[in-house]
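Each protein sequence line maps, in turn, to chains A, B and C. Under the numbering used here, the letters of the first sequence match residues 164 to 300, in that order. Under the numbering used here, the letters of the second sequence match residues 164 to 300, in that order. Under the numbering used here, the letters of the third sequence match residues 164 to 300, in that order. Note that CB positions come from ideal geometry on N, CA and C, so glycine has one too. Because the structure is a prediction, the values reported are computed rather than measured.
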Amino acid sequence: MITLTEYLWFNTKEHREYINITGDVDVVLKKSGIKEGMILVSAMHITAGVYVNDAEDGLIEDIDKWLEQLAPFRRDYKHHLTGESNGDSHLKSLLIHHEVIVPVTNGKMDFGPWQQIYYAEFDGKRKKRVIVKVMGE
Amino acid sequence: MITLTEYLWFNTKEHREYINITGDVDVVLKKSGIKEGMILVSAMHITAGVYVNDAEDGLIEDIDKWLEQLAPFRRDYKHHLTGESNGDSHLKSLLIHHEVIVPVTNGKMDFGPWQQIYYAEFDGKRKKRVIVKVMGE
Amino acid sequence: MITLTEYLWFNTKEHREYINITGDVDVVLKKSGIKEGMILVSAMHITAGVYVNDAEDGLIEDIDKWLEQLAPFRRDYKHHLTGESNGDSHLKSLLIHHEVIVPVTNGKMDFGPWQQIYYAEFDGKRKKRVIVKVMGE
């Protein structure tokens, strides 16, 4: 079994941002040389997520608005008694989920035509990481 | 390491449908012959999902109603400026998630008594696929 | 490839409870002896979940309140026609998701500084299980 682990770094300009990382993950896959297996792509933070969906700007706006509706910023989260103000960022992370598994077949990500991997930042403007771990043969 | 990759095809009659695919996944597992490992079951579309829960018709109605409440059909999604009308299908897919990993122990899916794998179609009446990738020994 | 499978048992005092199982998973990892690979941590029940987030009591209260808002207890779920009363527990399980994959690098869980693994019980006071399956080399 071959494994290869790399880390993608982010330092977003906005508090919330959605970044297409499909190309970055593909670079790690190619470097690993595996033909069959899978790739774990997982945020290493509890106020960020990783998801697979469409690379369409309007939809990304819809996703952002929807996450704010279902997991809104509020002053009165209990978590804020610690001095933090990012309770909503944790809930958004739980809603979108922090990781995906990408199948690899014949040396390529085995995706449907519209599937793209996104890093979702919910508490940005600081250095954060995603682990990309390739496993296979 | 043994890997086996197969694809399940769907063309639902309804716009939204929930299909128990546990038996189909088991056929692929048996064909692979692995005793230890896991199975990635992942929708290859951005308006569908895969989840593990109960095979109970009433609950499936509850899940459908709940998804429509949390990620409702609306005319005014930004995504619809592209000509699409399925913004809600994308959000439902994100909510339910598009993939699961099934553990395999002693040649069997290592599930609890009520766990069943479902394909959740949120924008049906067309051909769509799920990848089933078995990995193990 | 090395695989090791163990089961964690729970019997919570409360109907809903959130239990940090990071240490339990680490014991299984150490026992396996793998240096590179991953760990599947998955609830074996359809009214429980496993997630990765912060070990902060205030946040856990926020998460519980938020889950009750988005997937509330209601008398009129169709699922209750079976005699059950835990429709909301199923929906909470779907929302938080029932499993995570933990990356392993150099023999350690390759987590960010605040990531902790939680078992989320949504229909407790009875014996339930989580599977921990380590795979790697």
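Chain C has a Cβ within less than 7 Å of the Cβ of T166(A).
Taking E300(B) as the centre and dropping the five residues before and after it, the same chain places the C-beta of M164, I165, I197, K198, E199 and G200 closer than 8 Å to its C-beta, in chain order. Here the alpha carbons of L244(B) and K296(C) stand approximately 45 Å from one another.
Within its own chain, the residues whose Cβ lies closer than 8 Å to the Cβ of Y181(C), once the five positions on either side in sequence are excluded, are I223, I226, D227, Y281, Y282, A283 and E284, listed in chain order.
Y170(C) counts as exposed, since fewer than 16 other beta carbons sit within 10 angstroms of its beta carbon. In this chain, the beta strand (DSSP E) harbouring S205(B) covers G200 to A206. In terms of Cβ geometry, H261(B) and G212(B) form a close pair [threshold 7 Å]. For the pair R237(B) and L257(A), the Cα-to-Cα distance works out to about 24 Å.
At least one beta carbon of chain C lies nearer than 7 Å to the beta carbon of I209(A). Counting only runs that start and end inside the stretch 254-291 of chain C, the beta strand (DSSP E) elements of at least 3 residues fall at 262-268 and 279-284. Residue contact with chain A for I184(B): absent (no Cβ-Cβ distance below 7 Å to any residue of chain A). For the 7 Å CB-CB criterion, P266(A) and I294(B) form a contact. The C-beta of W229(C) has 16 or more other C-beta atoms within 10 Å across all chains shown, which makes the residue buried.
Looking at the DSSP output, L192(B) shares a beta bridge with no other residue. Sixteen is the threshold: since fewer than 16 other Cβ atoms of the shown chains lie within 10 Å of the Cβ of Q232(A), the residue is exposed.
DSSP places K176(B) outside both helix and strand once states are collapsed to three, so it counts as coil. Taking 7 Å as the threshold, the shortest C-beta distance from Y170(C) to chain B does not fall below it.
By the 16-neighbour rule on beta-carbons within 10 angstroms, D273(C) is buried. Those residues of the stretch 227-246 of chain B placed with their C-beta closer than 8 Å to a C-beta in chain A are L233, A234, Y240, K241, H242, H243, L244 and T245, ordered along the chain.
S252(A) sits close to T210(A), with the two beta carbons spaced by under 7 Å. Taking C-beta atoms as the reference points, K255(A) and F173(A) fail to come closer than 7 Å. Selection K271(A), L203(A), Q278(A) and K288(A) evaluated against N183(A) yields Q278(A) as nearest (Cα-Cα).
Boundaries of the alpha helix (DSSP H) around G221(C): D220 to L233. Residues of chain C with a Cβ closer than 8 Å to the Cβ of V297(B) do not exist; the shortest Cβ-Cβ separation is about 13 Å.
Counting other Cβ atoms within 10 Å of its Cβ, G246(A) stays below 16 and is therefore classed as exposed. Ranked by Cα distance from P235(B), the first of G270(B), R179(B), G275(B) and V191(B) is R179(B). DSSP, read as helix, strand or coil, puts T210(A) in coil. Under the 10 Å beta carbon count, N249(B) is surrounded by 16 or more other beta carbons and is classified as buried.
Cβ-Cβ distances below 6 Å link V215(B) to V263, Q278 and I280 in the same chain, with the five nearest sequence neighbours on each side left out; the list follows chain order. Contact with chain A is absent for I197(C), since none of that chain's Cβ atoms lies less than 7 Å from the residue's Cβ.
Look at G246(B) here: in three-state DSSP terms it is coil, with no helix or strand label. S195(C) places its beta carbon less than 7 Å from that of L167(C). Residue pairing by DSSP places Y181(B) opposite A283(B) in a beta bridge. For V188(C), the closest alpha carbon among the candidates K288(C), K271(C), D286(C) and R289(C) is that of K271(C). Under DSSP, K296(B) shares a beta bridge with T168(B) and L203(B).
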